[in-house]
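Numbering (our numbering), first residue to last: 1166 to 1406.
By construction, the Cβ of each residue, glycine as well, lies at the ideal position given by its N, Cα and C atoms.
Predicted model only: the values in this text are computed from it and were never measured.
Data first, discussion second: the structure below is written as structure tokens.
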């Protein structure tokens, strides 16, 4: 996404259900010059299109954790939106089991209830009409994809696969699991995430916890990428200064 010859840290972004690494492409111009921006490519999309989508959370988290462990020597920061928040959390717990492998400096989660407050929506087997209606209600970007018959034919099976993975996801949370700071972001008008559900993330860390809401719904970050990224790095700077 954005390479840096000698980065002081790496920001690794985890996309939402049905999402791809390209969702974070606009962030390349928002991060500091000495930060390397990376985004996870899930199987079944972009240059991994030929691979079948993951069926279980373990299929995503395990290889990502192994890849992150190879980045030892430069601090890591995770940002995950919606499903990506859960994936980032699972990767973080795996890195915590081998702290010498990689240094995680912070976990930033977005648009997702804490692990103990997850809501299972059971949309994987919904009709195309019901699924499209739900997707359109969440994001204007979805409208652009769903308006194209060819893209819609490719997208709906992928979102169903991700929803099925989420329906099967049962996080194991022996609190508190992590020792890194967590910041939870959410849209103030998000119909799927409320303040109490977001605050549940505080139960999984022994370190600091904070929340911030932005105007908008589930995909508030499409309109507020710049202030969101600025807030993220301000919080990181305040901890290291």
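Point to revise | Three-way DSSP call (helix, strand, coil) for residue 1202 in this model | key: strand
Exercise for review: With residue 1348 as the anchor, note down where its beta strand (DSSP E) starts and where it stops.
Suggested key: 1347 to 1352
Practice item. With DSSP as the reference, label residue 1326 as helix, strand or coil. Key: helix
Practice item. Check whether the stretch 1217 to 1226 touches the stretch 1237 to 1253, taking contact to mean three or more Cβ pairs, one atom from each stretch, closer than 8 Å. Key: yes
Check your understanding: Considering only residues of the same chain and omitting the five flanking positions on each side of residue 1288, which have a CB-CB separation below 7 Å?
Key -> 1296, 1299 and 1328
Check your understanding: Going by the C-beta, is residue 1391 closer than 7 Å to any heavy atom of the ligand ZN?
Key -> By its list of ligands, the structure shown contains no ligand whatsoever, and the ligand ZN lies outside what it can speak to.
**Study point:** Which residues DSSP lists as bridging residue 1175, in chain order
**Key:** 1201 and 1241
Practice item. Taking the CB atoms as reference points, tell me whether residue 1238 and residue 1351 lie closer together than 8 Å. Key: no
Check your understanding: Alpha carbon to alpha carbon, what distance is there between residue 1361 and residue 1279?
Key -> 9 Å
Check your understanding: For residue 1281, which option in 1236, 1269, 1334 and 1172 has the closest C-alpha, if you only look at C-alpha atoms?
Key -> 1334
**Study point:** CB of residue 1357 within 8 Å of CB of residue 1383, strictly
**Key:** yes
Exercise for review: From the DSSP output, in three-state form, read off residue 1406 for me.
Suggested key: Because residue 1406 sits at a pLDDT of 47, beneath the cut-off of 50, its placement in the model cannot be relied upon, and the following sentence gives the value as read from the coordinates. Coil at residue 1406, not helix or strand.
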